[in-house]
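Under my numbering, the first residue of the sequence shown is numbered 55, with each subsequent residue one higher. For each residue, glycine too, the CB sits at the ideal point set by N, CA and C. Everything below concerns the one structure shown next.
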Amino acid sequence: MNDSTAFRYQRIVEEINTAMAAGGHADADLLAETASQYGEATSTINVRLQSAHDLLQKGMASEAIQECELEPNLLDLVQILDFPQRLQWYELIQSWGWPPPPELRVDLAGALDKSYFEVQAIDVLLRQYRLLALGRAPLEQRMQILQQLIQKDPGNPLWQNSLREFELERIKQIKESADAAIYEKDRSAIEALYAELTQQSWYAEVPQDLVQRLYGVLQQFQAGDVILLIRQTVDMMSTARENSDVSSVRSLFQTLQSYNPTAYFPAVDPLIVTIGEIKNWLSQADADGKAQRKKDELDRRFMQAIDKTDLELSEKLVRRLEQAGSVSDVQKKQLMRLRQQVAAGKKRKTMFIVLGTVGIIALAVTLVIIML
């Protein structure tokens with residue numbers, strides 16, 4: 055820093071602070087020259103700030119920083135002039151009827167101060183880039199640094215042009231690697247190459263035929279995965295069917311449908327035939343289960359009818375069981391006993407009626423004899 059300029063600015067600010075401390079007792083006449091000097095200093099600094107900021111706006115951050123660091127250091131001078139009571143000083147000047155000094159462009163100073171950190175970050179990246187270049191590091195590593203430089207210094211076309219050249223070379227490498235990976239059926243390598251081409255931004259033009267080729271190979275791998283899953287699922291279904299495990303077969307069949315096996319196997323393929331057989335078995339098992347549930351319900355209602363000695367309902371339920379082909383000998387015997395029981399009950403009832411009638415007649419005859 056130019057010590058004389060900084061000292062002069064510091065002296066001006068100290069005189070202002072002294073006047074501010076005196077409050078209403080400050081001598082305006084004595085401060086006239088100080089106010090003029092502060093205004094001139096502010097104008098000079100604003101010109102330098104605007105010049106440096108113009109460079110910054112043009113994407114010339116490094117040049118803007120160089121402008122700031124010319125002696126006396128620009129941001130150091132701004133810090134001196136931007137003293138805590140600066141706004142109160144402006145108000146005091148106006149109260150005396152003096153024209154206010156130009157507004158110190160602290161906003162431009164803030165933008166330039168921020169650019170310091172960005173330029174420092176760029177310098178770090180540049181050093182890394184040079185080291186990678188000297189060490190002949192892989193293109194991918196150098197491209198990563200260039201991408202970071204573009205983010206930090208987007209206005210510099212050098213980084214984009216360099217990255218585009220590297221990308222063209224990298225695309226050639228990817229083509230060669232793709233040929234080898236496809237020949238060796240190296241799925242992980244193909245996936246990585248495809249992701250590199252499709253999941254990041256490129257400044258160079260990416261060959262779409264290469265992208266489609268890799269995509270097609272990956273689709274074949276995925277189809278192979280599905281075919282393997284279909285075969286494994288059918289094997290598990292066959293085992294579950296042999297064990298009469300209807301629940302497992304049903305669950306596996308639902309899973310199998312999500313794989314859409316007919317999209318991978320022709321209708322005459324033995325595997326599709328096996329799937330059809332299992333489907334028919336499952337349908338029959340479902341039908342048998344439904345029939346069994348119906349029989350169980352009829353059996354339950356039949357036992358209730360027997361317990362309630364409801365012959366009409368019992369006979370009706372037995373007929374339904376016969377139609378279903380599931381009436382048992384035990385149920386037939388139970389119905390026979392109920393019929394006998396009901397018939398015996400009717401016979402006893404008839405006998406009671408007859409005996410009652412005879413008794414009434416006998417009583418009537420006895421009464422007639424007595425009356426005679």
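| Query | Result |
| --- | --- |
| Status (buried if at least 16 other CB within 10 Å, exposed otherwise) for E366 | exposed |
| Neighbourhood of L371 by C-beta, 8 Å cutoff - its chain only, sequence neighbours within 5 removed | L352, R355, F356, A359 |
| Collapsed DSSP secondary structure at F356 in the structure displayed | helix |
| Environment of V322 [buried if 16+ CB atoms lie within 10 Å] | exposed |
| Segment limits, alpha helix (DSSP H) that includes V303 | 300-313 |
| Contact check, L166 vs H107, beta carbons under 8 Å | yes |
| Limits of the alpha helix (DSSP H) - the one that L179 falls within | 160-188 |
| Proximity of A339 and V300 at Cβ, strictly below 8 Å | yes |
| Inter-stretch contact at 8 Å, needing at least 3 Cβ pairs: the stretch 57-77 / the stretch 86-99 | yes |
| Three-state class that DSSP yields for D350 in the structure shown | helix |
| Contact between the stretch 262-281 and the stretch 235-252 (3+ Cβ pairs under 8 Å) | yes |
| Where P385 falls, given that 16 or more other Cβ within 10 Å makes a residue buried | In the sequence as presented, Pro is not what sits at residue 385; that position holds Gln. Its Cβ being crowded by 16 or more others within 10 Å, Q385 is buried. |
| Three-state class that DSSP yields for Q64 in the structure shown | helix |
| Check whether R159 and L103 have beta carbons under 8 Å apart | yes |
| As assigned by DSSP and simplified to three states, the class of L124 | coil |
| Rounded separation between G189 and E230 - CA only | 23 Å |
| Where the alpha helix (DSSP H) through M197 begins and ends | 193-206 |
| Assumed close pair L110, S169 - CB separation to whole angstroms, cut-off 8 Å | 6 Å |
| Integer-rounded CB distance, given that M291 should sit under 8 Å from I332 | 5 Å |
| Segment limits, alpha helix (DSSP H) that includes Q262 | 262-296 |
| Residue interval of the alpha helix (DSSP H) (run including A317) | From DSSP, A317 is part of no alpha helix (DSSP H); its letter is neither H nor E. |
| Under the three-state DSSP convention, the category M74 falls into | helix |
| Contact under 8 Å by Cβ, I228 with K206 | no |
| I70 versus I134, C122, W335, residue with shortest Cα-Cα distance | I134 |
| Residue environment, W213, which counts as buried when at least 16 other CB atoms sit within 10 Å | buried |
| Reference P211; option with closest CA among G113, P154, L306, G270 | G113 |
| Helix, strand or coil at T59 according to DSSP, with G and I counted as helix | helix |
| Residue closest to M74, alpha-carbon to alpha-carbon, out of S149, D364, Q377 | S149 |
| Own chain, CB closer than 7 Å to S116, minus 5 neighbours either side, in chain order | V173 |
| Euclidean distance between Cα positions of Q395 and R402 | 11 Å |
| Collapsed DSSP secondary structure at S380 in the structure displayed | coil |
| Buried versus exposed call for S368 [16 or more other C-beta atoms within 10 Å across all chains shown] | buried |
| C-beta atoms of R295 and W256 nearer than 8 Å | no |
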